[in-house]
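Heads up, the thing below is written out as structure tokens.
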Amino acid sequence: MAAPPPPPAAPAPLKRQGTWSSMMDEWRTKGAHESATECNAFVLSLVATLPPDARAVPEPTATGKALYDWLTVKVKENMFQRRKKKFPSCEVAVLAVALKHSGLWREARAASEALAGGAAPASVPASPAMVVLWKRVRGVREAIDMAMKKLAHGEMPDDGVDADSGDEDGEGGAAGGAGGGGVTELQAPTRLKDSLLWDLQRSFYDEVAIGAWSEAIVPNFVTTNAFLASAYAKSIMGLIRDLFDSPSAPGDRAKPLYIVEVGAGHGKLGFLICRELLRMREFFPAGHGLEFPFKYVMTDFTAHNVEFWMQHASFAELFEMGVLDCAVWDAEKETSMTLLRSKEVLSADSGLVTNPLVVITNYIFDTLRTDAFRIVDGELQETRIAIDSSSAADAEEPTAPSVIKRMSHRWSYEAVPADADFFGDEDFNYVVRSYAERLENASFMVPVGGLSLIRSLSAMSGGRLLLLTGDKGYVREAELEGHRDPHIAVHGSFSVMVNFHALRLYVERLGGFAMTTPHLDGFKCAHFFLGLPREATMHTRWAFKNNIEEFGPENFSTLQRCIKEECTNPSLKHVLALLRLSRHDSEVFYKFKQVLIDKTMYPYAADNVQRDIREDIAGVEETYYPLQSSKDVCFEIGRLLMGLKDYRGAVGYFERSNELCGQHHVTYHNMGICCYYLDEFETALKCFDASLDLKPDYGEAADWRKKLLAKTQSASSGHAWNSEEDYEDGTDTE
Ligand SMILES: C[S@@+](CC[C@H](N)C(=O)[O-])C[C@H]1O[C@@H](n2cnc3c(N)ncnc32)[C@H](O)[C@@H]1O
């Protein structure tokens, strides 16, 4: 008989240095929070008090809120801090993760002990484990918020909080249920679709506007990357071929195919899809009366986003070519739209939408007004939501976006007859009734805002519409079985799970059909066809099957995330293959920049590989849409080109970096080095001076400046810059 497994090792006891409350008080009275080093030391001492078992957290209750406030400030500072090669205060991330993720306590403690044992207190190298922790903490901020609220009310945070997808690709944590005492009711139980939640959502997007993405508050990688854009562009190309391929094909050659993107937000997806369609221009069917058979229209309900696109340099050429336009359009209220550049009006009777309309709604159905029901032993029940806030002052202005982070909610249910008029629209009612007829026990959402959007846009196009959509949610009826409260994920704004199956029911009732991604887990994509017969959409359906169903956006974003998080030492070939699979997505480049830079230089990549890399760089530049100054893609391309000894090219990218992401002492320093090797000593001197103007104590620029002066003063130097020490790799902003 095999010997029984040895008992698990007992966790090493941790030294305790006082209570959290007393330490917090001391820290605050000392004013130590003014200094980063002191802060880090403080967090380290807190971490040292962590017990081995998360469930036995002894006493954060009294100080939890104050600690959390401070943590979030630190986390935010670090998130937005430009060009971090190190992880200053990453202990904060460790601690915050530890607070919520009981499973990570061991890891958190190990990391913090490593920090305590010799690493410089204010900054430590970013190990892969820390990168993962860091990413998690970004995603769990809201979950921690809720956990802290609970702690403040004397409860332990529950384990059910969905805080596991902290990568920028994922969602935030869930808004929690009600806390105990000390909360103010902002809204009594109300049907979900009539809740003030949706007003909060609107005020968030209207007020924060482009900051939602430029400050990395709302995630967008999964819904907006070059791989997904390429897949959507191929579906659109499929429809273009279905409509215009042969003289007998049904399209109107005198008019473009309008592609309306709803809630385009940051605008990056529109940029990527237009670029991809233009790359395929040699395959547009001949005989279309217009130079370009499509016009892409980006829309959003908030004029702030639309103004941002109108000013964005990446769109200038597309506007000029006439392939892009934009409109302020509210998907839940308006039935026609006026395009801001061409002044064209897209409506049921303007005579412009003579071809089917292509509609793109990524990450929208989860944002728009949604209703919820459940069926208990055959009885249909409406879902009601009550909203509370931890601050009584919120009752004064319950729709201010800041309420979102303080709100919590309670669910309740009320029986309703299945033949009630739920929405004032028989086709919408049909969705609820058909579930009520078939299911005994189920919980389901009805994306009413999404259904209104389909109704308005299909009316504009004579009932002919191809809807391309991507979101998180349910694609099969079986996923709705059982009883559970609706899930609300908070990430600055909030979002709900999308019932793709309900959208399918609605579209099928109107005579259409749907194609959805086959897997139950992860991000879903779907194409809905209205007024477009199956047999007349062969190319479109083939594109879906080939580019979305078989290996689609979900698989791609999971693959790149796993490589980033799980492969500790990917090779140059590995990363280049991924970059090419991503269609040269600039974010993927940014994520793997360090591998590319390091492994192109040491050892030097072969000549043919170097030539390939230059083409890859051109591809990355094409997909680059400047949005977050903290992700300075041009700076990183500049560094890569320095590694390839293309100093002229590097200087060009460093100049663009200064233009797009702000001037930085390391950028000037690197430009100085490039100019030095280009024998442009005067410019090199100006660059080192500019670097030192921005950061007078920047020793590396000072050293290079000395070296330059020595060289210009004695004509004898033959040093060639190629050593690792000479190379300034300045940044790492994850
Ligand atoms: C979660 S963001 C999605 C942005 C982008 N589509 C993406 O995939 O990253 C939701 C977007 O919908 C917009 N939005 C919210 N309510 C809307 C409405 N009623 N009509 C049109 N757009 C709306 C917001 O302004 C925001 O740009």
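Just so you know, full-length UniProt numbering puts 4 at position 4 of the sequence shown, and the rest follows in order with no gaps.
Heads up, the beta-carbon is just placed ideally off N, CA and C, and yes, glycines get one too.
Bridge partner(s) assigned by DSSP for residue i
i       : result
Asn-362 : Gly-470
Ser-408 : Asp-388
Gln-187 : Ile-387
Leu-380 : Ile-375
Same chain, Cβ closer than 7 Å to residue i, five either side skipped, listed in chain order
i       : result
Glu-414 : Gln-381, Glu-382 and Arg-384
Glu-566 : none
His-288 : Phe-244 and Arg-253
Arg-369 : Lys-193, Trp-198, Glu-332, Val-448 and Gly-449
Lys-545 : none
Ala-207 : With the sequence shown as reference, residue 207 is identified as Glu, and Ala is not the correct amino acid for it. The answer, listed in chain order, is Pro-401.
Val-218 : Ala-212, His-491, Gly-492 and Ser-493
Glu-34  : Bear in mind that a pLDDT of 44 at Glu-34, under 50, signals an unreliable position, so the model cannot answer this.
Leu-196 : Leu-186, Gln-187, Ile-387, Pro-398 and Thr-399
Tyr-205 : Ala-212, Thr-302 and Ser-493
Arg-406 : Ser-389, Ser-390, Ser-391 and Asp-394
Arg-191 : Asp-371, Glu-382 and Arg-384
Neighbourhood of residue i by C-beta distance below 8 Å, restricted to the same chain and skipping five residues each side
i       : result
Arg-476 : His-501 and Leu-520
Ala-418 : Leu-380, Val-432, Arg-433, Ala-436 and Glu-437
Lys-599 : Ser-571, Leu-572, Val-575 and Ala-605
Ile-613 : Leu-576, Leu-596, Thr-600, Ala-605, Leu-640 and Leu-644
Lys-695 : His-665 and Ala-701
Classification of residue i by the beta-carbon crowding that lies within 10 angstroms, buried from 16 upward
i       : result
Asn-670 : buried
Gln-663 : exposed
Ala-188 : exposed
Met-642 : buried
Asp-300 : buried
Pro-247 : exposed
Gly-473 : buried
Gln-560 : buried
Pro-125 : Any reading at Pro-125 must be qualified, since the residue scores a pLDDT of 43, below 50, and its modelled position is unreliable; the value itself is stated next. Per the 10 Å Cβ criterion, exposed.
His-266 : buried
Asp-693 : exposed
Glu-261 : buried
Pick from the options that is closest to residue i, judged by C-alpha positions
i           : options                               : result
residue 762 : Pro-626, Cys-525, Leu-318 and Tyr-296 : Since the first residue of the chain shown is 1 and the last is 734, residue 762 is not available in this structure.
Leu-257     : Val-496, Glu-215 and Leu-352          : Leu-352
residue 753 : Lys-234, Val-358, Asp-325 and Gln-594 : No answer is possible for residue 753: it lies beyond the span of the chain, which begins at 1 and ends at 734.
Trp-198     : Arg-341, Val-403, Pro-219 and Asn-499 : Val-403
Phe-227     : Glu-655, Ile-548, Cys-674 and Thr-516 : Ile-548
Phe-423     : Leu-466, Ile-387, Trp-411 and Phe-373 : Phe-373
Asp-679     : Lys-711, Ser-408, His-491 and Leu-692 : Lys-711
Met-337     : Phe-292, Ser-456 and Phe-428          : Ser-456
Ala-313     : Asp-585, Lys-234, Tyr-624 and Asp-697 : Tyr-624
Val-620     : Phe-283, Trp-329, Ser-412 and Ser-586 : Ser-586
Lys-686     : Tyr-668, Asp-607, Tyr-698 and Tyr-677 : Tyr-668
Tyr-677     : Asp-646, Ser-347, His-487 and Ala-618 : Asp-646
Trp-426     : Met-445, Ser-408, Leu-340 and Leu-451 : First, the residue type needs correcting, since residue 426 is Glu and not Trp in the sequence shown. Answer by Cα proximity: Leu-451.
Test item: CB-CB of residue i and residue j under 8 Å
i       : j       : result
Ile-259 : Ile-360 : yes
Leu-480 : Ala-442 : yes
Phe-592 : Leu-581 : no
Ser-389 : Leu-186 : yes
Val-297 : Ala-327 : yes
Leu-277 : Met-321 : no
Trp-213 : Leu-627 : yes
Leu-269 : Ala-229 : yes
Leu-465 : His-527 : no
Asp-366 : Val-496 : yes
His-539 : Arg-279 : no
Leu-708 : Ala-684 : yes
Glu-282 : Ile-375 : no
Val-323 : Phe-294 : yes
Phe-589 : Val-651 : no
Leu-530 : Leu-510 : yes
Ile-210 : Phe-315 : no
Gly-482 : Thr-517 : no
Residue i: CB within 7 Å of a non-hydrogen atom of ligand 3
i       : result
Trp-542 : With respect to ligand 3, the structure shown offers nothing to examine, as its ligands consist of ligand 1.
Sequence-distant residues of the same chain with beta carbon closer than 6 Å to residue i, five excluded per side
i       : result
Thr-223 : Asn-362, Tyr-363 and Gly-470
Phe-688 : Gly-672, Ala-701, Trp-704 and Arg-705
Tyr-232 : Ile-273 and Leu-468
Gln-594 : none
Arg-55  : Low per-residue confidence applies at Arg-55: pLDDT is 36, beneath 50, and the placement is therefore not dependable, though the value from the model is reported in the following sentence. Contacts found: none.
Thr-184 : Ser-389, Ala-392 and Ala-395
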